[in-house]
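What follows is a short report on a single structure.
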Amino acid sequence: MDTSEHLEEEYFSPLFKDCSIKAASTAFDYIFGLYGRSNGLVNQSQLGLSAKIYSILSERVKIQFILFLRGLLHVNFKYWDISKVFTKFLLKNVETITLFVHDIIACCRDITLTDGNALSEVFCPVLDILRFLAIHSNMMKRFEGHHLSLLVALLEIKMSNNTRPLANLLVSRPDFHPKKLITNFKGREFVHSSFLGPFFAFSVAGKQSHLYEFCFDHNEMLFNYDDMENKGSKISEFQTQLRMMRIKMHQIFHSLIVNSSTRSQTLEYISEIFLTNKKLSQIQVEYEQLANPTAILNLLSILLDFDKIPVEKIQDDYIYHPKCRIKLTSMNTLKMDSDMVETYCSSIDLSYTPSFNTECFYLTIAFMGISMTTMINNLSRMDRHIYEIRRQLREAEEQLQKKGQSSVYLNRVKAIIQRTKELLKRFTLSNVCYDCLINDHDFLSKCAHFTNKVLRLYLRSIMPDSGVDPFSFKPCIERFTALPEVFLETAVEFLHFLLENPNRSKVLTENVLDYPRLILHLIVNLPLVRNPFLASKIVNILYSICPNVPSTNSLLLYRQIMNDKIAVDNLFPVLVKFYADVESTGSHTEFYDKFNIRRNIQVIFRFMWVDLTHRKTLVQFAEKSSPDFCRFLNMVINDTTFLLDESLEKLKKINEIETQLSNETVWNSLSEEERQHRTEMLSDAKRQVRIWLSFGTETMELFLSLTGDAPQISSGGTWRSCCCYA
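Each residue of the sequence shown is one higher than the last, beginning at 1 in the UniProt record's numbering.
Structure, rendered in structure tokens:
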């Protein structure tokens with residue numbers, strides 16, 4: 001296949017079809033031949049007059065070559081056509097053009113041979129064409145990434161003074177970091193209009209649609225809905241392509257960052273992407289105003305590859321530094337209020353210059369919050385929607401099977417079934433796209449290693465390093481409580497994402513590192529976390545790794561945590577206090593939240609109760625009749641009473657509706673809308689009864705375990721103290 005046809009197929013563009021223009025192509029081949037022959041003569045010549053003549057000849061050939069590439073050699077050669085011929089040549093010979101391009105750059109930079117515009121006039125059109133190819137690259141066709149390989153090769157070219165001229169040229173372009181945005185869609189416009197935006201936007205997802213939150217463009221073409229059993233091979237193929245693209249993009253950003261003259265502008269560009277798209281982390285997101293989350297996810301993967309430095313060299317107070325590139329509005333800290341933060345900032349030294357590694361680390365965790373966390377939340381919502389759609393489909397099909405329905409009603413039900421099936425197809429295909437994007441083992445492993453660093457950064461002020469005598473360690477509580485809660489929440493939510501699925505949890509068990517120690521210290525320091533939702537998420541990590549919890553298989557992780565002496569001495573008192581404190585969360589759903597949180601703590605207590613070492617600690621703690629334990633015991637009793645009362649109330653409602661259902665005369669006398677309403681009420685009541693009875697049963701089992709296996713808890717001074725406390 002001809003090179004131009006191959007490139008056209010890869011990029012969906014007829015751009016290189018025009019490269020068959022004979023005049024420009026023939027002229028390029030001729031001048032390039034002159035360049036090669038003149039270089040050959042220079043290499044073969046010895047010292048003397050001939051060598052000097054050949055050197056001058058080679059120099060003049062390069063000058064003529066540059067004039068040709070600038071469209072200044074002949075009026076019949078169009079500048080744009082010459083640039084396309086030049087770019088096609090570079091793409092075709094990307095592995096062997098380094099010395100040739102180096103010579104052209106050196107000649108362009110020599111002010112005795114060319115003017116100051118030579119470099120930009122020769123290579124800016126090449127960069128424009130590469131960006132054009134990036135826009136037209138798509139996973140629906142074979143992807144080989146010639147444009148990425150060429151851009152990497154161009155940016156890696158260094159001169160004798162260790163500068164990278166083409167990296168400087170790229171950063172100097174006005175579209176590298178667009179300054180003037182003309183729409184209100186700042187995040188979307190900035191990424192789409194920037195030079196590098198189309199390069200890292202390559203993904204299984206196309207541009208946003210009205211239902212982008214759950215649906216991707218082109219997903220029907222990428223995956224066959226009727227062949228979902230074989231989706232694994234397609235997912236593996238697309239993940240390989242994404243991995244190749246991300247490696248190339250890392251090399252591109254590495255060339256820009258390792259070059260000292262372009263490092264600051266590159267970091268500024270990355271931070272601007274975050275600042276214009278940080279609303280991606282919100283619950284309600286207007287996706288048409290923001291960049292494609294899949295592009296941000298690719299950028300996260302690129303940043304993760306820069307994370308090579310030990311966490312000990314990261315400056316944890318960078319978030320308060322005047323030169324911090326991450327400006328968080330209304331930042332909530334783990335414990336401090338605004339006045340305390342102001343006092344704390346005045347007491348620390350912020351006169352240092354932030355290191356690149358610190359800036360890169362914080363940019364990475366910031367991007368993780370607006371990309372990985374966003375995708376995880378979207379996937380969770382999509383799973384719930386798919387479950388609900390399937391439930392509606394089952395109910396509609398059941399309605400279709402009922403006898404005695406009018407033809408009009410049956411036709412309406414059939415139309416509902418058809419629409420529901422179409423919606424289920426769209427959501428299922430979109431779910432597969434999400435699966436392809438975020439369930440990549442290599443990518444999740446990189447995120448797991450980075451999350452480990454985030455936890456170590458947060459805990460190093462209150463947790464001694466491994467091997468350090470804990471008695472000689474002096475914790476700095478103030479430093480810990482001054483840290484922002486948003487980054488810790490990002491790390492905790494990612495751990496939840498891994499642990500909620502057995503396949504993903506393998507990533508954590510394969511990369512255990514010091515996670516047991518980190519998770520344990522997070523839990524025992526819950527009193528230093530003001531936000532009850534964040535605290536509950538931390539506790540739920542321990543719940544997720546409990547044995548027999550269906551979603552995980554991390555028994556080793558559980559044992560390492562529970563066998564630690566710190567867990568034996570401190571875990572139960574901390575959880576008892578949190579069990580009682582979670583009575584109010586400040587949310588409009590706090591009534592239901594507290595039962596979910598307490599239910600998870602109850603599961604943890606049951607597994608602790610089986611362990612004789614932890615049972616001994618529990619009994620000793622109870623015998624002290626501390627206010628925390630008394631509150632806890634009263635909460636258990638009150639919750640049990642409430643849950644049983646609610647269950648009985650709903651059972652009464654169920655009985656009333658089922659009595660009406662059993663009486664055909666009464667039921668048929670109701671209107672169709674009324675029957676539908678009562679049917680929905682019955683379904684809702686049954687669902688609530690199942691929930692309340694489940695919670696009530698588990699709470700009662702906990703109470704019976706405490707009082708049955710250790711009767712001393714419910715007798716004597718302990719019980720009287722709890723009654724007095726109530």
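A virtual CB, placed ideally from N, CA and C, is assigned to each residue, including glycine. Just so we're clear, the structure is a prediction, and the values are computed from it rather than from any experiment.
**Item:** alpha helix (DSSP H) segment containing L267, residue limits
**Value:** As a working note, residue 267 is residue 267 in the sequence shown. Residues 260-277.
**Request:** Confirm, please, whether the CB-CB distance from Y515 to L508 is below 8 Å.
**Result:** Residue 508 sits at position 508 when you count from the first residue of the sequence shown. Residue 515 sits at position 515 when you count from the first residue of the sequence shown. A contact, by the Cβ cut-off of 8 Å.
**Contacting residues, own chain, Cβ-Cβ under 6 Å from V574 (five flanking each side not counted)** = Numbered from 1 along the sequence shown, position 574 holds the residue referred to as residue 574. Answer for V574: V524, L526, listed in chain order.
**Range covered by the alpha helix (DSSP H) that runs through N503** = Translated into the one-based positions of the sequence shown, residue 503 becomes position 503. Start and end: 502-510.
**Backbone secondary structure at T87 - three-state DSSP** = As a working mapping, residue 87 is identified with position 87 in the sequence shown. Of the three classes helix, strand and coil, the one that applies to T87 here is helix, per DSSP.
**Request:** May I ask you to verify whether the stretch 477-491 touches the stretch 414-433, counting CB pairs closer than 8 Å and requiring at least 3?
**Result:** no
**Item:** Among V486, V311, F238, nearest to D465 - alpha-carbon criterion
**Value:** The residue given as residue 465 occupies position 465 in the sequence shown. Of V486, V311, F238, the residue nearest in Cα terms is V311.
**Message:** Checking 8 Å against the spacing of the C-beta atoms, do T481 and M331 come in under that value?
**Reply:** Translated into positions along the sequence shown, residue 481 becomes position 481. Translated into positions along the sequence shown, residue 331 becomes position 331. Cβ distance not < 8 Å, so T481 and M331 don't count as in contact.
**Request:** Spell out a yes or no on whether the stretch 684-697 and the stretch 637-645 are touching, meaning 3 or more CB-CB pairs, one atom from each, closer than 8 Å.
**Result:** yes
**Prompt:** Where does P484 fall in DSSP's three states?
**Reply:** In the sequence shown, the residue the question calls residue 484 occupies position 484. In this structure, P484 counts as strand in the three-state DSSP scheme.
**Prompt:** For the stretch 122-132 against the stretch 83-101, are there 3 or more C-beta pairs whose distance is under 8 Å?
**Reply:** yes
**Asked** Under 8 Å between the Cβ atoms of V582 and R599?
**Response** Counted from its first residue, the sequence shown places residue 582 at position 582. Counted from its first residue, the sequence shown places residue 599 at position 599. No, Cβ-Cβ distance for V582 and R599 is not below 8 Å.
**Opposing strand residues paired with T333 [DSSP bridges]** = The sequence position of residue 333 within the sequence shown is 333, counting from 1. Its beta-bridge partners are P484.
**Secondary structure, alpha helix (DSSP H): runs of 4+ residues fully inside the stretch 289-339** = 293-304
**Request:** Taking the CB atoms as reference points, tell me whether E156 and S255 lie closer together than 8 Å.
**Result:** Indexing the sequence shown from 1 puts residue 156 at position 156. Indexing the sequence shown from 1 puts residue 255 at position 255. It is a contact, given that the beta carbons lie within the stated cut-off.
**Prompt:** Cα-Cα, which of S271, I111, M249 is closest to H147?
**Reply:** In the sequence shown, the residue the question calls residue 147 occupies position 147. The option with the nearest alpha carbon to H147 is M249.
**Request:** Measuring alpha carbon to alpha carbon, tell me which of C476, L304, S236 ends up nearest I348.
**Result:** On the sequence shown, position 348 is the one that residue 348 refers to. Nearest C-alpha to I348: C476.
**Request:** Look up F68 in the DSSP assignment and say whether it is helix, strand or coil.
**Result:** If you number the sequence shown from 1, residue 68 lands on position 68. Correct three-state label for F68: helix.
**Asked** Within 10 angstroms of its Cβ, does C345 collect 16 or more other Cβ (buried), or is it exposed?
**Response** Position 345 of the sequence shown, counted from the first residue, corresponds to residue 345. Result: exposed.
**Prompt:** Are the CB atoms of K308 and P354 nearer to each other than 8 Å?
**Reply:** Start at 1 with the first residue of the sequence shown, and residue 308 comes out as number 308. Start at 1 with the first residue of the sequence shown, and residue 354 comes out as number 354. Their beta carbons are not under 8 Å apart, which means K308 does not touch P354 by this criterion.
**Message:** Please classify L555 as buried or exposed, where buried requires at least 16 other C-beta atoms within 10 Å of its C-beta.
**Reply:** Here the question's residue 555 lines up with position 555 in the sequence shown. By the 10 Å Cβ count, L555 comes out exposed.
**Prompt:** Which same chain residues, not among the five before or five after S380, have their C-beta less than 6 Å away from its C-beta?
**Reply:** As a working note, residue 380 is residue 380 in the sequence shown. The answer is none, since no qualifying residue turns up.
**Own chain residues within Cβ distance below 7 Å of M244, not counting five before or after** = Here residue 244 refers to the residue found at position 244 of the sequence shown. Contacts found: G145.
**Asked** When DSSP labels each residue in this structure, what does N570 get in the three-state scheme?
**Response** In the sequence shown, counting from the first residue as 1, residue 570 sits at position 570. Helix, per DSSP.
**Prompt:** If you follow the alpha helix (DSSP H) that T613 is part of, which residue opens it and which one closes it?
**Reply:** Counting from one through the sequence shown, the residue named residue 613 turns up at place 613. Per DSSP, T613 belongs to the alpha helix (DSSP H) from 612-623.
**Prompt:** Which two residues bound the contiguous alpha helix (DSSP H) that contains E286?
**Reply:** Working through the sequence shown from its first residue, we reach residue 286 at position 286. No alpha helix (DSSP H) contains E286, which DSSP labels as neither H nor E.
**Asked** Are the beta-carbon atoms of T333 and P502 separated by less than 8 Å?
**Response** On the sequence shown, position 333 is the one that residue 333 refers to. On the sequence shown, position 502 is the one that residue 502 refers to. It is not a contact, given that the beta carbons lie outside the stated cut-off.
**Asked** Residue range of the alpha helix (DSSP H) that R173 falls in?
**Response** As a first step, residue 173 must be located in the sequence shown, where it is residue number 173. Per DSSP, R173 belongs to no alpha helix (DSSP H) and is neither H nor E.
**Request:** For the stretch 525-541 and the stretch 396-408, state whether three or more C-beta atom pairs, one from each stretch, are separated by less than 8 Å.
**Result:** no
**Asked** What residue does the alpha helix (DSSP H) around N634 start on, and which one ends it?
**Response** If you number the sequence shown from 1, residue 634 lands on position 634. Element bounds for N634: 627-662.
**Asked** Exposed or buried, what is A415 when buried is set at 16 or more other beta-carbons lying within 10 Å of its beta-carbon?
**Response** As a working mapping, residue 415 is identified with position 415 in the sequence shown. Answer is exposed; the Cβ neighbour count stays below 16.
**Prompt:** What are the start and end residues of each continuous alpha helix (DSSP H) run of 4 or more residues lying completely inside the stretch 116-162, in chain order?
**Reply:** 118-136, 146-155
**Request:** Assuming Y320 contacts L350 (C-beta within less than 8 Å), just tell me the rounded distance between them.
**Result:** As a first step, residue 320 must be located in the sequence shown, where it is residue number 320. As a first step, residue 350 must be located in the sequence shown, where it is residue number 350. Yes, they are in contact, since the Cβ atoms of Y320 and L350 sit about 6 Å apart, within 8 Å.
**Request:** Alpha carbon to alpha carbon, how far is V603 from R615? Give it in angstroms, no decimals.
**Result:** Taking the sequence shown and counting its residues from 1, one reaches residue 615 at position 615. Taking the sequence shown and counting its residues from 1, one reaches residue 603 at position 603. Cα-Cα distance, rounded: 14 Å.
**Prompt:** For the alpha helix (DSSP H) that contains R419, what are its first and last residues?
**Reply:** As a working note, residue 419 is residue 419 in the sequence shown. Note, R419: alpha helix (DSSP H), 407-438.
**Asked** If you follow the alpha helix (DSSP H) that C360 is part of, which residue opens it and which one closes it?
**Response** For the purposes of this step, residue 360 is identified with residue 360 of the sequence shown, where counting begins at 1. C360 -> alpha helix (DSSP H) spans 356-370.
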